[in-house]
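Below is one structure, written out as structure tokens; the observations come after it.
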Amino acid sequence: MTGAGEPLLQVRDLRVHFGQRRSLFSRSAWSVRAVDGVSLEIRRGETLGLVGESGCGKSTVGRAVAHLLKPSSGTIRFRGEDLGSLDRTRRRSLRRDLQIIFQDPYSSLDPRMRIGAAIREPLTIHGIARGEAARLRVLELLDSVGLPASAVDRYPHEFSGGQRQRIAIARALALEPELIVCDEPISALDVSVQAQIVNLLGELQERRQLTYLFIAHDLAVVRHISHRIAVMYLGRIVETGPSEILCGEPLHPYTKALFGAVPRANPKVERNSDRPVIQGEIPSPLNPPGGCHFHTRCPYARDICRTRDPSLESVGTDRGVACHFWKEIKANPVPNACNRTEAAL
Amino acid sequence: MVSSAATATQTETGSTRPARPRRKVGVWVALFIILLLFALALSAPLWADDPARQSLMDAELPPYPLENSTVEHLLGTDELGRDQLSRILFGLRTSMSISILSMLLAAAIGTSVGVIAGFFRGIVDEVLMRIVDIQMSFPAILLVVTFVTAIGPSFQSIVIVLALSIWVVFARVARAQVLALRDSDLVLAMRAIGASTPRVLLLHIVPNIAGPLIVIATLEFATLIVAESALGYLGLGVPPPTPSLGAMIATGQFGLITGVWWLVLGPGIAMTAFIMSINILGDWLRDRLDPRR
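Structure below.
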């Protein structure tokens, strides 16, 4: 599954800040630290699941990786090459190997373009195939995502959400990429269709040795599809690790809470569980809390959490957690009494 | 309001669709009038009289079949004995060609400016849109009259000045549409497959904002015909002997007192029918292309 050696994608201290400076026409200045120092690695043939609440910056990481927005700082190395420092032509050829699938297949396909033309477009742009060869390639791609050849002459609105997502996948596959950023590819789909798309992605990964950065907020799906998982909170990664280990024994209080939020089928177990519950909303990235970003909602928070920002600490091999007290929490997982009652309410 | 609520409940028994104003017939009539006038105006040089041929012997003949009229001059003749029908048709030709050309020119300029401003934002957007705002703050007809007077009336100058008077409408609409599209997944998806900016703009943005622009173009076309006629009426239209509907009405208006009413009535009816038809068609197009309907 996971190949040794150099990772395919290596992100170092990525920061993406959106904002506006004071200028002639706008008096207010603001800045959102959507991604605030994220580092991650993906090995060839592996799926890295990136999870977190909405607004935590996971999609922004995906877009920066797919080179759709310029990072404010940090480096993204793909096959060892820094995307930011490449010249145009080199970057263009690298981009071929780095594709993205979006959450909403309704908006990522041109409503006025037939499916055949949409899938053919990447082939034309990169001069891969034209004429009859391109037509055959399109049919082959449609077939590989489980769509009939008759789809070629139809428009996106004639397809269901799941079928459109298949079309988007076919378009991404047209360039034979090595890495595909899947930006919540199933969140907008019906539950019954979600499984089909997840299975298709898995199948394609095996057949084509694809590497995925799989962004989602649904832990059950991510756990199923990922080899490794990174958990994000408010622009930072709070925990990473191989998915079975991380899911089996989450170390960071936020990860614990996330797994606590997965609904369980048995109400008896549900009632008796003493899982931590997180209160309140995710703070605004416009004005993130100081120190550890999670301290405002963390049942274990102490004074140091409000002032000092914990760094991602290695735990064993291939695992990291950003919490001052992970060892203590691991030893004694019951949060202090006062927060406990609050959580129980 | 009350009546629309009533019709909505009525239709619930029949179809599930909300009540929609029935004006299919009107649209068909409008389309027929537009096509008829276009066909007549286009084919006029093949069969109609030379609109400039004078014959003082036949001056001020009334329309057929009134007393003293002839079949050769179906709509009568003017004070110089020129055939009214052929002058109306040739006037329409001028009017249509000026309006179409300036509409296309305005659409090209306005759409380009709007798309560029909306897509690139920033300082480009600020500068272009402030220019639009400044122009919008002047009445269009004032600008047109001023510039035509300054440059001098000719076919080309009128086309250009009229185009410059309405391009801002296209720019505003195009920009608004592009703003909604530029941050969409569609643009990101195109970037991901390596599409260049011109490709994204021309192949994906422009076709997707075409609907509203076509409606604007149709409605502006009617406005341009009015504007062209107004210039003709003010003596700033295409110079004689080229016939112009506005100029015909201007010279013929005193005929209303002296009893030569057909000098005004013919061009007036032709123009009114044409402009109304285009407006009806434009409104229908707007409703058809509105996704909420």
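Order-wise, the sequence lines are chains F and W. With the first letter of the first sequence counted as 1, position 34 gets the number 34 in the UniProt record's numbering; the numbers rise by one all the way through. With the first letter of the second sequence counted as 1, position 196 gets the number 196 in the UniProt record's numbering; the numbers rise by one all the way through. Note that beta-carbon positions come from the ideal geometry of N, C-alpha and C, so glycine has one too. These numbers come from a predicted model, not from an experiment.
Going by other Cβ atoms of all chains shown within 10 Å of its Cβ, with 16 needed for buried, is Thr70 (chain W) buried or exposed? As a first step, residue 70 (chain W) is located in the second sequence; it is residue number 70 there, counting from the start. Thr70 (chain W) comes out exposed.
Within chain W, partners of Glu140 (chain F) - CB distance below 7 Å: Stepping through the first sequence from its first residue, residue 140 (chain F) is reached at position 140. Here the premise fails: no neighbours, minimum Cβ distance about 17 Å.
Express the C-alpha separation of Met271 (chain W) and Leu92 (chain W) in angstroms, rounding to a whole number. The count along the second sequence starts at 1 and reaches residue 92 (chain W) at position 92. The count along the second sequence starts at 1 and reaches residue 271 (chain W) at position 271. Using only the alpha carbons, I get a separation of about 8 Å.
Run through DSSP, which three-state label would Thr2 (chain F) get? Here the question's residue 2 (chain F) lines up with position 2 in the first sequence. Low local confidence applies: a pLDDT of 43 at Thr2 (chain F) is under 50, so the model's placement there is unreliable, and no value is given.
Endpoints, alpha helix (DSSP H) assigned at Thr47 (chain F): Counting from 1 along the first sequence, the entry for residue 47 (chain F) is found at position 47. Careful: Thr47 (chain F) lies outside any alpha helix (DSSP H), inside the beta strand (DSSP E) at 47-51.
Sequence-distant residues of its chain with Cβ nearer than 8 Å to Leu281 (chain W) (five each side left out): Position 281 of the second sequence holds residue 281 (chain W). For Leu281 (chain W), where only same-chain residues beyond five positions count, the Cβ hits under 8 Å are Val27, Ala30, Leu31, Ile34, Thr218.
If contacts are defined as beta-carbon pairs under 8 Å, then Arg236 (chain F) and Asp36 (chain F) qualify, I think. What distance do you get, rounded to the angstrom? On the first sequence, residue 236 (chain F) is found 236 positions in, with the first residue counted as 1. On the first sequence, residue 36 (chain F) is found 36 positions in, with the first residue counted as 1. About 5 Å; that satisfies the 8 Å criterion.
Leaving aside the five residues before and after Ala118 (chain F) along the sequence, list all residues of the same chain whose C-beta is less than 8 Å from its C-beta, in chain order. As a working note, residue 118 (chain F) is residue 118 in the first sequence. Closer than 8 Å at Cβ, skipping near neighbours: Leu109, Asp110, Pro156, Ile167, Arg171.
Kindly indicate which three-state DSSP category Gly202 (chain F) falls into: helix, strand or coil? Here residue 202 (chain F) refers to the residue found at position 202 of the first sequence. Here Gly202 (chain F) sits in helix by DSSP.
Nearest-angstrom Cα distance between Gly114 (chain W) and Ala48 (chain W)? In the second sequence, the residue the question calls residue 114 (chain W) occupies position 114. In the second sequence, the residue the question calls residue 48 (chain W) occupies position 48. Going by C-alpha positions, Gly114 (chain W) is about 43 Å away from Ala48 (chain W).
When you compare each of W:Leu85, W:Arg53, W:Ala192 to Ala44 (chain W) by their alpha carbons, which one comes out closest? Residue 44 (chain W) sits at position 44 when you count from the first residue of the second sequence. Ranked by Cα distance from Ala44 (chain W), the first of W:Leu85, W:Arg53, W:Ala192 is W:Leu85.
Got a sec: is the Cβ-Cβ distance from Asp303 (chain F) to anything in chain W below 7 Å? Taking the first sequence and counting its residues from 1, the one referred to as residue 303 (chain F) is at position 303. Not one chain W Cβ lies under 7 Å of Asp303 (chain F).
Is there at least one Cβ from chain F nearer than 7 Å to Ala208 (chain W)'s Cβ? Residue numbering aside, residue 208 (chain W) sits at position 208 when the second sequence is read from its first letter. Checking the sequence shown, residue 208 (chain W) turns out to be Asn, not Ala. Judged by the 7 Å Cβ criterion, Asn208 (chain W) is in contact with chain F.
Quick one: residues in its chain with C-beta nearer than 7 Å to the C-beta of Trp262 (chain W), no 5 flanking neighbours on either side, listed in chain order? Residue mapping note: residue 262 (chain W) aligns to position 262 of the second sequence, counting from 1. Excluding sequence neighbours, Trp262 (chain W) sits near Pro62, Pro63, Leu75, Gly76, Gln84.
Which of the three DSSP states is assigned to Cys182 (chain F) in this structure? Counting from 1 along the first sequence, the entry for residue 182 (chain F) is found at position 182. Correct three-state label for Cys182 (chain F): strand.
Leaving out the 5 sequence neighbours to the left and right, which residues in its chain are closer than 8 Å to Leu285 (chain W) when beta-carbon positions are compared? Position 285 of the second sequence, counted from the start, is the residue given in the question as residue 285 (chain W). Cβ within range, chain order: Ile214, Val215, Thr218.
Round the Cβ separation of Met232 (chain F) and Leu50 (chain F) to the nearest angstrom and send it over; I've been treating them as touching at under 8 Å. By 1-based counting over the first sequence, the position of residue 232 (chain F) is 232. By 1-based counting over the first sequence, the position of residue 50 (chain F) is 50. With a Cβ gap of about 6 Å, Met232 (chain F) and Leu50 (chain F) count as contacting.
Cβ-Cβ distance between Pro51 (chain W) and Pro243 (chain W) below 7 Å: Along the second sequence, read from residue 1 onward, the residue named residue 51 (chain W) stands at position 51. Along the second sequence, read from residue 1 onward, the residue named residue 243 (chain W) stands at position 243. Closer than 7 Å, so yes.
What does Ser108 (chain F) reach in chain W if we use C-beta pairs closer than 7 Å? Within the first sequence, numbered from 1, the residue matching residue 108 (chain F) stands at position 108. Correct list: Asp185, Leu186, Ala189.
Return yes when the Cβ of Ala247 (chain W) is within less than 7 Å of the Cβ of residue 298 (chain W), no when it is not. Any answer about residue 298 (chain W) is impossible in this case: the structure gives chain W only from 1 up to 293.
Verify the CB distance criterion: does Leu68 (chain F) have a CB-CB separation below 7 Å to chain W? By 1-based counting over the first sequence, the position of residue 68 (chain F) is 68. Yes, contact with chain W.
Does any CB atom of chain W fall closer than 7 Å to the CB of Arg112 (chain F)? Start at 1 with the first residue of the first sequence, and residue 112 (chain F) comes out as number 112. At least one chain W Cβ lies under 7 Å of Arg112 (chain F).
Just the chain F side, please: which residues come within less than 8 Å of Ile160 (chain W) by C-beta, in chain order? The residue labelled residue 160 (chain W) in the question sits at position 160 within the second sequence. Under a criterion of Cβ atoms nearer than 8 Å, no residue of chain F is adjacent to Ile160 (chain W); the nearest Cβ is some 31 Å distant.
Indicate whether at least one CB of chain F lies closer than 7 Å to the CB of His73 (chain W). Reading the second sequence from its first residue, position 73 is the one you call residue 73 (chain W). By this cut-off, His73 (chain W) is not an interface position.
Compare the C-beta of Pro148 (chain F) against all C-beta atoms of chain W and say whether one is closer than 7 Å. Taking the first residue of the first sequence as 1, we reach residue 148 (chain F) at position 148. Not an interface residue.
Excluding the 5 residues preceding and the 5 following Thr16 (chain W) in the sequence, name in chain order all residues of the same chain whose CB lies nearer than 6 Å to its CB. On the second sequence, position 16 is the one that residue 16 (chain W) refers to. Caution is warranted here: a pLDDT of 49 is assigned to Thr16 (chain W), below 50, making its placement in the model unreliable, and the coordinate value is therefore given only provisionally. Closer than 6 Å at Cβ, skipping near neighbours: no residue.
Could you give the DSSP three-state label for Leu8 (chain F): helix, strand or coil? Here residue 8 (chain F) refers to the residue found at position 8 of the first sequence. Reduced to three states, the DSSP call for Leu8 (chain F) is coil.
Using a 10 Å radius around the Cβ and a threshold of 16 neighbouring Cβ atoms, would you call Ser226 (chain F) buried or exposed? Numbered from its first residue, the first sequence carries residue 226 (chain F) at position 226. Buried, by the Cβ-count rule.
Would the beta-carbon of Ile282 (chain F) fall within 7 Å of that of Glu53 (chain F)? Walking along the first sequence from the start, residue 282 (chain F) turns up at place 282. Walking along the first sequence from the start, residue 53 (chain F) turns up at place 53. Yes, Cβ-Cβ distance for Ile282 (chain F) and Glu53 (chain F) is below 7 Å.
Measure the alpha-carbon distance for Glu203 (chain F) versus Asp87 (chain F) and round it to whole angstroms. Start at 1 with the first residue of the first sequence, and residue 203 (chain F) comes out as number 203. Start at 1 with the first residue of the first sequence, and residue 87 (chain F) comes out as number 87. In a straight line, the C-alpha of Glu203 (chain F) is about 34 Å away from that of Asp87 (chain F).
Examine chain W for any beta-carbon lying closer than 7 Å to the beta-carbon of His126 (chain F), and answer yes or no. Sequence index remark: in the first sequence, residue 126 (chain F) carries index 126 (1-based). Yes - at least one Cβ of chain W is within 7 Å of the one on His126 (chain F).
Should Glu121 (chain F) be labelled buried (16 or more other beta-carbon atoms within 10 Å of its own) or exposed? Walking along the first sequence from the start, residue 121 (chain F) turns up at place 121. Looking at its Cβ environment, which holds 16 or more other Cβ atoms inside 10 Å, Glu121 (chain F) is buried.
Could you tell me the alpha carbon to alpha carbon distance between Ala129 (chain F) and Ser107 (chain F), rounded to whole angstroms? As a first step, residue 129 (chain F) is located in the first sequence; it is residue number 129 there, counting from the start. As a first step, residue 107 (chain F) is located in the first sequence; it is residue number 107 there, counting from the start. Computed Cα separation, rounded: 26 Å.
Opposite His17 (chain F) in the DSSP bridges: which residues? The residue you call residue 17 (chain F) lines up with position 17 of the first sequence. Partner residues in the beta bridge of His17 (chain F), as assigned by DSSP, are F:Arg33.
Less than 6 Å separating the Cβ of Gly122 (chain W) from some heavy atom of the ligand PLP? As for the ligand PLP, it is missing from this structure, which has no ligand bound.
Identify each residue in the stretch 190-204 of chain W for which the Cβ-Cβ distance to at least one residue of chain F is less than 9 Å, and report them in chain order. Met190, Arg191, Ala192, Ile193, Gly194, Ala195, Ser196, Arg199, Leu203, His204
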